[in-house]
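Numbering (my numbering), first residue to last: 640 to 798.
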């Protein structure tokens, strides 16, 4: 069954007006204000095929860094499509071979591990900052201040 897949396109630099014009002739695209991130909807049987098809259609037209599925798949994973240099592909193949893994499994595990590490570091930094606040303020004061700051940042609903 063919479905539609929302794909985010991250560019290595802002796209020029001419590049966007040519790319839009091949694929309908939505762009952000900086023209560094685009969105497209691609018909395909699965997310991986949608990424490959879109890469094939746009690679020569735009300075694409990475393509990602916008919504998680049935396993809760976001799919990535990276264009690696020959040297990077060789390094990934060698590292995967030393671990007895397929290159795509090695790369997937490496990215997942790096993201988990990054998230742990963010939580640790936040905890450290909060502990620093507790030396000067009570827990209630910190909570009230945080709630007030978050309340002031809310965007009013569109009417």
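For every residue, glycine included, the Cβ atom is placed at its ideal position computed from N, Cα and C.
Owing to the predicted nature of the structure, the values given are computational and were not obtained by experimental measurement.
How is residue i classed by DSSP in three states: helix, strand or coil?
| i | result |
| --- | --- |
| residue 681 | strand |
| residue 669 | strand |
| residue 737 | helix |
| residue 792 | helix |
| residue 706 | strand |
| residue 769 | helix |
| residue 674 | coil |
| residue 798 | Confidence is the limiting factor: at residue 798 the pLDDT is only 44, short of 50, which leaves the residue's position unreliable, though a coordinate-based value still follows. Residue state, collapsed to three classes: coil. |
List the endpoints of the continuous beta strand (DSSP E) containing residue i.
| i | result |
| --- | --- |
| residue 644 | 642-650 |
| residue 799 | Since the first residue shown for the chain is 640 and the last is 798, residue 799 is missing from the structure and cannot be characterised. |
Using the rule of at least 16 other Cβ atoms within 10 Å of the residue's Cβ for burial, across every protein chain shown, is residue i buried or exposed?
| i | result |
| --- | --- |
| residue 725 | exposed |
| residue 769 | exposed |
| residue 664 | exposed |
| residue 689 | buried |
| residue 746 | buried |
| residue 644 | buried |
| residue 656 | exposed |
| residue 798 | The pLDDT assigned to residue 798 is 44, lower than 50, so where the model puts this residue is not dependable; a value taken from the coordinates is nonetheless given after this. Label assigned to residue 798: exposed. |
| residue 681 | buried |
Considering only C-alpha positions, which residue in the set the options is nearest to residue i?
| i | options | result |
| --- | --- | --- |
| residue 707 | 713, 646, 673, 737 | 646 |
| residue 711 | 685, 722, 734 | 685 |
| residue 694 | 733, 723, 761, 715 | 723 |
| residue 666 | 675, 658, 679, 672 | 679 |
Pull up the CB-CB distance for residue i and residue j, whole angstroms please, since I reckon it's below 8 Å.
| i | j | result |
| --- | --- | --- |
| residue 700 | residue 661 | 5 Å |
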